[in-house]
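J.:
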Amino acid sequence: MTSLKSRVLRKGVCRINLFTQNELAPPSLAIPSAIPDYDGLLPIEVLGEDLEISLPWWDGVEEDMRLQIAWKAFDPDDPNDPGDLDLIGTRHDVTDAEAADTSTVFKLYVPKALLVHGVYIIRVRARSFPGGVNDWTTRHTVRVDTEEPGGGALPLLTFPAQVIDSKKIVDADIVDGELLVQLAHYEGIARGDSIQLWINLRPCGTEELTIDPDPGEGFIRLAYLEAELEEIGNGPASFFYKVTDKAGNFAGSNSLIYDIQLHTTPTVIPAPSVPQADPDLLDEAEARSGTGVGITKFDLALVGDEIMVHWGSQTSAKYALTAADLGNDPFITIQLAYSLVVAETELGTVDVTFEVFRNGVSIGMSDVNTVNVDLRIPGGPDPDPETPINENLKPLIARSDSAGDPPPPGEDNVIPPQDFTKDARVIIPWLAVDDSDIYQVNDIIKVTWGTQTTSTITRTIVQQDLDDAIDLVLPVPTATVQAQGAGVDIPVGYTITRPSVALPDGNSAIAPNTPVTVIGPNELPGGGTIDAPVFTVLNEDDAIGQDQLIGPVGGRYNPVQTRIDYANVAAGDTVQLFFSGWDRLTGGSEVVGARYTTVYTLTAADIAAGTYTFNVSAQYHIAVCSRGHVEAYVAIQNSKGSTTSPTASAYCDVKRPTDPDCSGYVP
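Throughout the sequence shown, residue numbering follows numbering that gives the first Met the number 0, covering 0 to 666 in sequence.
1. With a threshold of 8 Å, are at least 3 pairs of Cβ atoms found where one atom belongs to the region 530 to 540 and the other to the region 634 to 651?
2. What separation, rounded to the nearest whole angstrom, lies between the Cα atoms of Arg458 and Trp429?
3. When the Cα atoms are used, what is the spatial distance from Lys167 to Ile268?
4. So for Leu502, helix, strand or coil by DSSP?
5. Would you report the Cα separation of Asp546 and Leu601, rounded to the nearest angstrom?
6. Which residue or residues does DSSP assign as beta-bridge partners of Leu178?
7. Just the C-alpha distance for Gly82 and Asp58, rounded to the nearest angstrom, thanks.
8. Can you list, in chain order, the stretches of the alpha helix (DSSP H) that have 4 or more residues and sit fully within the region 430 to 456?
9. What does a CB cutoff of less than 8 Å around Pro31 pick up in its chain, not counting 5 residues either side in sequence?
10. Spatial neighbours of Asp422 within its chain, please: CB distance less than 7 Å, with the 5 preceding and 5 following residues excluded, ordered by chain position.
11. Using the DSSP secondary-structure output, state which residues sit across from Thr610 in a beta bridge.
12. Can you pull the DSSP bridge partners for Glu51?
13. According to the neighbour-count rule (16 or more other Cβ atoms, all chains shown, within 10 Å of its Cβ), is Pro25 buried or exposed?
14. What are the complete beta strand (DSSP E) segments, minimum 3 residues, inside the region 260 to 324?
15. Report all residues from its chain with a CB closer than 8 Å to the CB of Leu221; omit the five preceding and five following residues, and keep chain order.
16. Starting from Ile388, trace the alpha helix (DSSP H) both ways and give me its first and last residue.
17. Helix, strand or coil: which one does DSSP assign to Phe18?
18. Identify whether Tyr619 lies in helix, strand or coil by the three-state DSSP scheme.
19. In the DSSP output, which residue or residues are listed as bridge partners for Tyr257?
20. Enumerate in chain order the residues of its own chain whose CB-to-CB distance from Thr145 is below 8 Å, with the five nearest sequence positions on each side excluded.
21. Taking Ala750 and Asn506 to be in contact with their CB atoms under 8 Å, please state how far apart those CB atoms are, rounded to whole angstroms.
22. Using DSSP with H/G/I as helix, E/B as strand and the rest coil, what is Asn697?
23. I'd like the list of long-range same chain contacts for Pro214, defined as Cβ closer than 8 Å, with 5 residues on each side in sequence excluded.
24. In whole angstroms, what separates the C-alpha of Asn21 from that of Ser127?
25. Can you tell me which of Ile495, Ile306, Gln439 puts its alpha carbon nearest to the alpha carbon of Lys393?
26. Apply the 10 Å Cβ neighbour rule to Ala690 and answer buried if 16 or more other Cβ atoms are within range, or exposed otherwise.
27. Please name the residue, chosen from Ile444, Pro511, Ala323, that lies closest to Pro382 on a Cα-to-Cα basis.
28. On a Cα-Cα basis, can you pick out the residue from Asn412, Glu589, Ile529 that is closest to Thr513?
29. Quick check on DSSP: helix, strand or coil for Val536?
30. By the three-class DSSP mapping on this structure, what secondary structure does Tyr337 have?
31. Note the first and the last residue of the continuous alpha helix (DSSP H) segment covering Leu548.
32. Residues in the same chain with beta-carbon distance under 7 Å from Arg375, minus the five sequence neighbours each way, listed in chain order, please.
33. Take every Cβ of the region 309 to 318, pair it with every Cβ of the region 347 to 362, and state whether three or more of those distances are shorter than 8 Å.
34. By how many angstroms is the C-alpha of Gly88 removed from the C-alpha of Leu3?
35. Where Lys71 and Ser102 are concerned, what is the direct C-alpha to C-alpha distance, given to the nearest angstrom?
36. Quick check: what's the CA-CA separation for Gln334 versus Val432?
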């Protein structure tokens, strides 16, 4: 069928009007079963019978006049009306009674076999008898439409973009009680088409086209009512439509499946609570420990809904609600890390909300809770807010009473046994790691020594401190050191509190700890006291002579023995011998060649024996030679420190009476 024929068929528009003008005066023929105002369109239910054509009596009708239908398919290339060659059906000869009765309506019929899909031109010929003169009625159009709308390819409904993307229909998709959809113009769309929306097996609203659609727009607007969606209920549903044209032809579209989820999402979500910010401020200490955000109970929450807290522009990880959570109010309290909180702002107001996700899609945002925060701390912003300390503060230095300023290497942060009963001191840096000034007037410094809490070491910054701008020295009482006791890596640190911010309590910054070693006397070998060593091989005069140098020539020695069976002495500890010689029996000058020292690491066997003996080579005794004396002492060292013994002494006289000196002696 040509496009013009198709247009004439669907829309009843025929612009060809080149028919003969030999027409009868009114009335003209009528087609009773044609749909009014649709250009001769026949409903499909009449196509099973012959088509009745009626022709009312007219002035000039006579008996024996012969009436017959002329029927011709519309062809835009043929301008002629149907004529003698197009006569169809049975003829009707007018009777005397019909001609005399002005109410007569003549009925003629188009055979049903001719009522096939197409557009036709029809008129009736009246032929006089016996004159054989022909006249014709006004021509009429007959349209027979038996094809389904859309030509067998109706387009799918077009839903809003968010419905297409999510495959769900939710409350936000309903506008003024309707879910709006669009339908692209299908083939043959025309006035009189009736479009009915469906969900599953339920018919919904019907739209009848009262005018031909605007081809420039390309689609028509339709809507499912919210009430219709509610009646179907939540869950997957099939959405399609059916079209019935004016003739009664029917077609249905393919379906789209969307998940209806109405009234399952909250419409009002109360603001979260931030209890630590009550009544009106979140300070640094509260935030440092983790800021709890209470997720206020809201309607229509489901197990598996995910909650994301918005702290200003910062967001938390998502938390999935459990069945147990749904019984609480608030549902849960989500802890925000200090690093997240301080990343938003140190000072000011923060809008706190939470967002609800269902199946990965946001379904609502809570109301806003505006929180005041003041997180300013001494030392400036914390370089690493993940840790409890402010890394921009330098650690302090601890020094014992006897340590210098500065002390020799190795004496910082060590309290030796001899200073255990004396006050210590700590030096607190004036500048931060970034070389900025740390302090303000009225800042409070508090030193912590290990786990001691009863002894408070504090210092309040005054204007003179700012004028001096030098490191601060704070004394540490003996009582504090002794209360903590001896130990290795005792944490000693300080906190700076600034009362002028985050009123009324202020904010504090914690400096990194300094590991301090404190050695108590009772932890040293022998508890700090050991015996003098013993010269075990002496003559009757308590002297070392030639005969007390034992062993073979070339390897003679004299033994010096020390106890090692002391407390706090174990395998791995060391004992060191200090041996010296002097040129007089008492007093005198030290003999340099007689000076000797050695270190020995004790074994488990030594500890079991209880003593250890140093075999001092005879060379050191020979260096003293005649009428002198030797001295010896030991130092035993463990991991805490060392204990030094008293000095032992013995006469040393190894020269033979006949020899002038000892120069020729072999050890």
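All C-beta atoms in this analysis are idealised placements derived from N, C-alpha and C, irrespective of residue type, glycine included.
T.: Concretely, from the data shown:
1. yes
2. 13 Å
3. 21 Å
4. coil
5. 30 Å
6. Tyr223
7. 23 Å
8. none
9. Glu51, Ser53
10. Asp400, Pro474, Val475, Pro476, Thr477
11. Arg562
12. Tyr108
13. Only weak support is given to the placement of Pro25: the predicted model assigns it a pLDDT of 44, under 50, and the question is left unresolved by the model.
14. 290 to 294, 305 to 310
15. Leu156, Leu179, Val180, Gln181, Leu182, Ile194, Leu196, Gly204, Glu206, Tyr240
16. It is not in any alpha helix (DSSP H) - Ile388 carries neither H nor E in the DSSP assignment.
17. At Phe18, the pLDDT of 33 sits below 50, so the modelled position is not reliable; the number obtained from the coordinates is stated separately. It is coil, neither helix nor strand.
18. helix
19. Ala236
20. Ile43, Leu46, Val115, His116, Ala246, Asn248
21. The question about residue 750 has no answer, for the chain in this structure spans 0 to 666.
22. Beyond the ends of the chain as shown, which are 0 and 666, falls residue 697; an answer cannot be given.
23. His184
24. Note that Asn21 scores a pLDDT of 43, beneath 50, so its modelled location is shaky; the value from the coordinates is reported in the next line. Between Asn21 and Ser127, the C-alpha separation is close to 15 Å.
25. Ile495
26. Since the first residue of the chain shown is 0 and the last is 666, residue 690 is not available in this structure.
27. Pro511
28. Asn412
29. coil
30. helix
31. Segment: none, Leu548 is in no alpha helix (DSSP H) and carries neither H nor E.
32. Glu345, Leu346, Val500, Asn506
33. yes
34. Unreliable positioning characterises Leu3 in this predicted model, as indicated by a pLDDT of 36, which lies under 50. A coordinate reading is not provided.
35. 29 Å
36. 30 Å
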